[in-house]
Amino acid sequence: MQAGDSNETIKLLMNHRSIRRYKNEPVTGEQLDAVLACARQASSSSHMQAYSVIGITDPELRNQIADVAGSQRHVREAPVFLVWCADLSRFGEAVSMHGGSFSATTEYFLVATVDASLAAQNAAAAAESLGLGIVYIGGIRNDMRAMSELLGLPPLVYPVFGMCIGVPDERPDHRPRLPLESMYAENRYRENGYAEDLERYDSLYAEYIRNRSGGGRESSWTREMKGRTEYPSRSYGDFLREQGFSFED
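All letters in the sequence shown, in the order written, are residues 0 to 248 by numbering that gives the first Met the number 0.
The structure is reproduced here in structure tokens:
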């Protein structure tokens, strides 16, 4: 028996897959409360808790968000859609209550972004433990200014990603991950590059793509990563500075 074979938490995490099709069943209030309660318990730098979550219950607003996110059907149809925001506004109010002030430096920007991400991953694990499925939606950053206007975000807040939650109506195959030896090193960053690892991974990934497409598509992980560099780059700098993030050292 390998370590973790009988550990339900490890089984849950190893079984993660992105779900984009959901049954026409509601997520109960109790389930959503439990998911959000678990998000609140996530680790947070200096206990700043520098994030906010916005649940989208207005159908018209959901449609507008879906338009920003690339008209993804699951954004429109998932029983629950959450927007996770990096949030220094509340922190700023806390500081000002005691006569202080602060500048939203690069460090604070990173803290808020990481806090939102850690909380969201707690929520994802909690949702899956309840038999629900999730998928993250980075497409809400296609137009960060439009998203912020739709959500009424104040200064020092920006949308990091969305999350669909619902009862799964599909069970996609696991997408193969990079080998552990490509991700983990001891004491120092590896010096010999990744060419051999990537060649082996490309073979594994290509087989996954062929099986998933019924033989109708040929690709590899490195080819897909090259393709990503050919997309128009999302530009955030001006908007984030307008929101009050100074990016000072």
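C-beta: ideal position from N, C-alpha, C; glycine also.
Asked                                                                                                                                                                              : Found
Could you name each continuous beta strand (DSSP E) segment of 3 residues or more that falls completely within the region 74 to 117, going from the start of the chain to the end? : 79 to 86
Helix or strand or just coil, what does DSSP make of Phe246?                                                                                                                       : coil
Mind checking Leu87: buried by the 16 CB within 10 Å criterion, or exposed?                                                                                                        : buried
Kindly provide the ranges of any alpha helix (DSSP H) runs that are 4 or more residues long and lie completely inside the region 46 to 74, ordered along the chain.                : 58 to 67
Let's see if you can read the secondary structure: which residues bound the beta strand (DSSP E) around Gly151?                                                                    : No beta strand (DSSP E) contains Gly151, which DSSP labels as neither H nor E.
Below 8 Å, can you find three or more Cβ-Cβ pairs linking the region 22 to 35 to the region 90 to 99?                                                                              : no
Rounded to whole angstroms, what's the CA-CA distance from Cys84 to Gly130? Just pull it up for me.                                                                                : 25 Å
Return yes when at least one heavy atom of the ligand SAM lies under 6 Å from the C-beta of Ser51, else no.                                                                        : Only the bare structure without any ligand can be found here, which leaves the ligand SAM out of the picture.
What do you get for Ala93, buried or exposed, if any count of 16 or more other CB atoms within 10 angstroms of its CB means buried?                                                : exposed
With C-beta atoms as the reference, is Phe238 less than 7 Å away from Ala103?                                                                                                      : no
Taking a contact to mean a Cβ-Cβ separation below 7 Å, would you say Gly165 touches Tyr50 in this structure?                                                                       : no
Could you compute how far the alpha carbon of Pro167 sits from the alpha carbon of His15?                                                                                          : 12 Å
Give me the Cβ distance between Cys163 and Val74, rounded to the nearest whole Å; I'm assuming they're in contact under 8 Å.                                                       : 6 Å
Give me the DSSP bridge partner(s) of Met162.                                                                                                                                      : Leu81 and Tyr135
Give the secondary structure of Val193 by DSSP, where H, G and I count as helix, E and B as strand, and everything else as coil.                                                   : Here residue 193 turns out to be Tyr, not Val, going by the sequence shown. It is coil, neither helix nor strand.
Taking DSSP as the reference, what is the three-state secondary structure of Val26?                                                                                                : coil
Give me the Cα-Cα distance between Arg176 and Ser147, rounded to the nearest whole angstrom.                                                                                       : 33 Å
Suppose contacts are defined by Cβ-Cβ distances below 7 Å. Is Pro58 in contact with Pro25 by that definition?                                                                      : no
Relative to the C-alpha of Glu217, which candidate in Ser202, Pro231 and Arg227 has its C-alpha closest?                                                                           : Ser202
With a threshold of 7 Å on Cβ separation, who are the neighbours of Gly212 within its own chain once the five nearest residues in sequence on each side are excluded?              : One detail in the question is off: residue 212 reads as Ser in this sequence, not Gly. Nothing meets the Cβ criterion.
Distance, Cα to Cα, Gly192 vs Pro231?                                                                                                                                              : 28 Å
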